[in-house]
Amino acid sequence: MLTSFTWAEVPGVFLAYLLIIAIPTALAWVGTAWLAKKSGERIAYGHTVFVFVAAFLICFCTLAWMPEGEYNYSPWQVFCSGFAMVILTASAMMRVPAPTLNLLPTWWAAVAGYTLCWSIIAGTDDITGLWGVGLIFLLLGLIAGVGAVVWLTLAIRRLLLDSAA
């Protein structure tokens, strides 16, 4: 699985992860709590935790091992990982109650779960410290990609509900 995993490197990985992820996570939850109070709807906490754990597991199952040698993900690994994230995010948005309110927590849970797993995989293997730069690029790509899926799914859900009514 992980090529050179050591527990001694995990605290440093978590510190970097928290420094990069903590502020957007706090903003997402404060914004969602404000919207929930304003609209009188409930935040789907269990749903959000499920999405976080599922995104973590998707990354672990697809990217925690290298079939072709060290630091070489095969194209099918990356495709399967991305495809599974699209399926997870789209199905989560179709099933969540109050989709407008829970859009941001669902979006961010998918991004944060996947990013945490990748941070552990890359941060414990990398001796150069450049995994932090990769983390930022991964984070930007996930925000854009998962965000597009979340918004598109919300639009499709509204279209289907409007046409059914």
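In case it helps, our numbering puts the sequence shown at residues 529 to 693.
By construction, the Cβ of each residue, glycine as well, lies at the ideal position given by its N, Cα and C atoms.
In this text, all values refer to a predicted model and were calculated from it rather than measured experimentally.
*Quick one: Cα of Leu632 to Cα of Thr576, how far?*
10 Å
*Beta-carbon separation (whole angstroms), Phe584 vs Tyr545, contact threshold 8 Å*: About 12 Å; that fails the 8 Å criterion.
_Tell me the rounded alpha-carbon separation between Asp690 and Ile684._
10 Å
*Between the segment 608-621 and the segment 586-594, do at least 3 Cβ pairs fall closer than 8 Å?*
yes
*To the nearest angstrom, report how far apart Ala650 and Ile548 are at their CA atoms.*
15 Å
*asked:* With distance defined between alpha-carbon atoms, name the residue in Val677, Arg623, Asp654 nearest to Val538.
replied: Asp654
*Should Ala638 go down as buried or exposed, given a rule of 16 or more other Cβ atoms within 10 Å for buried?*
It is buried - the Cβ of Ala638 has at least 16 other Cβ atoms within 10 Å.
*When you compare only the Cα positions, how much space is there between Gly559 and Met622?*
21 Å
*Give the secondary structure of Trp646 by DSSP, where H, G and I count as helix, E and B as strand, and everything else as coil.*
Shown here, Trp646 sits in a helix according to DSSP, grouped into three states.
*Measure the alpha-carbon distance for Pro711 versus Thr656 and round it to whole angstroms.*
No answer is possible for residue 711: the residues shown for the chain start at 529 and end at 693.
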